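Read in order, the letters of the sequence shown are residues 5 to 368 in our numbering. All C-beta atoms in this analysis are idealised placements derived from N, C-alpha and C, irrespective of residue type, glycine included. Owing to the predicted nature of the structure, the values given are computational and were not obtained by experimental measurement. Report on the following structure.
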Amino acid sequence: MLPSDGRFGSGPSRLRPEQLTSLTTTYRDLLGTSHRQAPVKALVGSVQRQLLDLFDAPDGYEVVMGNGGAAMFWDVAAASLIEHRAQCLNFGAFGKKFARAAGAPWLETPSVRSAPHGTLAAPVAEAGIDVYAWPHNDTSTGVVAPVERVVPASEALTLIDATSAAGGITFDAANADVYYFAPQKNLGSDGGLWVALLSPAAIERAERIAASGRHIPDSLNLHLAITNSRSQQTVNTPSLVTLALLETQLQWIIASGGLAWAESRARESSEMLYRWAERSDYATPFVVDPAHRSPVNATIEFAGNVGAHELSRQLRAHGIVDVDAYSGIGQNQLRIATYVSVEPDDVRRLTECIDAVVCGLRGQ
Ligand SMILES: *Cc1c(COP(=O)(O)O)cnc(C)c1O
């Protein structure tokens, strides 16, 4: 009754076996070679092109990369994109962390709009704001947010942290100026890289701030990253394995039907969990409003007489791993990734395994 693969973590997340095989076949002669030479540059170029294709990016948008993952990009945003003051939505741990980065001493104190965990905060038009920022999916709570302009046709930039959403949730790329992510979640790669889809307005902002005299370390200089990305490079050495795994995942998603296909597959899995929890007498979806429930990672709250910690421990003993709640969020919950790489049938088996473990715990 066990799932074919027990990895349900929200990140790093399940890699498909074909991706691992590709490392010793397709990429065998590429790994261990210079990122300044044509073969690796071609790999970077292919990732850039496929992301523009997958996101159906408007003309003039560019894909830029750098080292350090999504959390590093928060500091890139503070150094290179926020001119004076950001408005940040805090409806989970990741939005909150961005707000902390946006409180850098050279910026004005950000305007932070918070909502209790499990619910969604809404942005509001505000004078003096030059960046509106929130996560597409706050992976800590499993709340999904719309990607929309707060003030259409304004100079303010819209920055979306898409780390768990990217490649698993449809959106209109024209509604974001910066759609950034690390690829170790729905995109089934490994960590260490940040990737950003930038609008012409974001590119212009980064260029202007870089030329303004503000001190910006090279590692946080988005303008420098843009220049490098235009020649299919990063400022310093990237993980080639991360790029290779990302390329194979993009090929797979695009060949299978693109973003709409990926979202429907993720939804098939997450809806199965939400429906199971609604039917269950000891579990319920943590996010009460169905419209705010994440398609890519489902948080399930358990009744007080079922200990989620012990449940997770017993599942792990059977090879079902990383379903724990995000630290500091829920009191008694599991968080289950339903990324595109997860087989929906494995999610069905997972619910049966949870039922069996709970049955055993209750019998004690
Ligand atoms: C995982 C995650 C991050 C952090 O990613 P790192 O690559 O570890 O920096 C940031 N934002 C969201 C929404 C995430 O899910």
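Length-filtered (4 minimum) alpha helix (DSSP H) runs lying within the stretch 174 to 214: Positions of the alpha helix (DSSP H) runs, each at least 4 residues long and wholly inside the stretch 174 to 214, are given as 204 to 214 in order along the chain.
Does the stretch 247 to 257 come within contact of the stretch 108 to 123, defined as at least 3 CB pairs closer than 8 Å? No: fewer than three Cβ pairs fall under 8 Å.
Is any non-hydrogen atom of ligand 1 found closer than 7 Å to the C-beta of Lys-189, if you look at the structure I gave you? For ligand 1, at least one heavy atom lies less than 7 Å from the Cβ of Lys-189.
Find out if the Cβ-Cβ distance for the pair Pro-294, Glu-267 is shorter than 8 Å. Contact: no.
Quick one: is the Cβ of Thr-143 within less than 7 Å of any heavy atom of ligand 1? Yes, since a heavy atom of ligand 1 falls inside the 7 Å radius drawn around the Cβ of Thr-143.
Would you decide whether Ser-168 is buried or exposed? Buried here means 16 or more other CB atoms lie within 10 Å of its CB. Looking at its Cβ environment, which holds 16 or more other Cβ atoms inside 10 Å, Ser-168 is buried.
Candidates Ser-144, Gly-70, Ser-115, of which the one nearest Gly-132 by Cα: For Gly-132, the nearest C-alpha among the options comes from Ser-115.
Shortest alpha-carbon distance to Gly-99 belongs to which of Trp-78, Asn-301, Glu-347, Asn-309? Nearest option by C-alpha distance: Trp-78.
Where are the beta strand (DSSP E) runs, 3 residues long or more, that stay fully inside the stretch 252 to 302, in chain order? Annotation note: the stretch 252 to 302 contains the following uninterrupted beta strand (DSSP E) runs of length 3 or greater, listed N- to C-terminal: 287 to 289.
For Leu-228 and Ile-220, what's the separation of their Cα atoms in angstroms? Distance between the alpha carbons of Leu-228 and Ile-220: 10 Å.
Neighbourhood of Ser-17 by C-beta, 6 Å cutoff - its chain only, sequence neighbours within 5 removed: The answer, listed in chain order, is Lys-189, Ala-341, Tyr-343.
With 16 other CB atoms within 10 Å as the buried threshold, where does Asn-141 fall? The residue is buried, with at least 16 neighbouring Cβ atoms inside 10 Å.
Ala-341, enclosing alpha helix (DSSP H) - first and last residue: For Ala-341, there is no enclosing alpha helix (DSSP H); the residue is part of the beta strand (DSSP E) that begins and ends at 337 to 341.
Contact test: Thr-238 Cβ vs ligand 2 heavy atom, cutoff 7 Å: Although ligand 2 was asked about, the structure shown includes only ligand 1 as ligands.
Cross-strand partners of Gln-91 (DSSP beta bridge): Looking at the DSSP assignment, Gln-91 forms a beta bridge with Ser-115, Tyr-136.
When we look at the beta-carbon of Gly-323 and count the other beta-carbons within 10 Å, is it buried (16 or more) or exposed? With fewer than 16 Cβ atoms within 10 Å of its Cβ, Gly-323 is classed as exposed.
So what's Phe-306 in DSSP terms, helix, strand or just coil? Assignment of Phe-306 by DSSP, reduced to helix, strand and coil, places it in the strand class.
Which whole-angstrom value describes the C-beta separation of Gly-263 and Ser-193, a residue pair presumed to lie in contact below a C-beta threshold of 8 Å? The residue asked about is misnamed: residue 263 is Leu in this sequence, not Gly. Not confirmed; about 17 Å, so no contact.
Applying the criterion that 16 or more other CB atoms from any shown protein chain within 10 Å of the CB defines a buried residue, is Arg-212 buried or exposed? So Arg-212 ends up on the exposed side.
Checking the sheet assignment: what are the DSSP bridge partners for Asp-142? Answer by DSSP bridge pairing, in chain order: Val-147.
Sort out for me which residues DSSP pairs Arg-11 with in a bridge. DSSP links Arg-11 through a beta bridge to Val-325.
Thr-165 (DSSP reduced to helix, strand or coil): For the sequence presented, residue 165 should be read as Asp rather than Thr. The answer is strand: DSSP assigns Asp-165 an E or B state.
Considering Cα atoms alone, identify which of Ser-260, Ala-166, Ala-106 is closest to Arg-89. It is Ala-106 whose Cα lies nearest to the Cα of Arg-89.
Is Ala-200 close to ligand 1? I mean its beta-carbon at under 7 Å from any heavy atom of the ligand. No, the Cβ of Ala-200 stays beyond 7 Å of every heavy atom of ligand 1.
Check the C-beta distance from Asp-134 over to Thr-162 and give it rounded, since I have them as a contact under 8 Å. Contact doesn't hold; Cβ gap of about 11 Å is too wide.
Own chain residues within Cβ distance below 7 Å of Leu-201, not counting five before or after: The answer, listed in chain order, is Leu-55, Phe-59, Ala-61, Tyr-65, Val-67, Ala-177, Tyr-183.
Which residue's Cα is closest to the Cα of Met-4: Ile-304, Ser-223, Pro-21? Summary: the structure shown does not reach residue 4, with the chain confined to residues 5 through 368, and so no result is reported for it.
Three-state class that DSSP yields for Val-414 in the structure shown: A question about residue 414 goes unanswered here, because the residues of the chain that appear run from 5 up to 368.
For the alpha helix (DSSP H) that Ser-49 lies in, which residues bound it at each end? The question names Ser, but residue 49 in the sequence shown is Gly. Looking at the DSSP string, the run of the alpha helix (DSSP H) that includes Gly-49 is 42 to 58.
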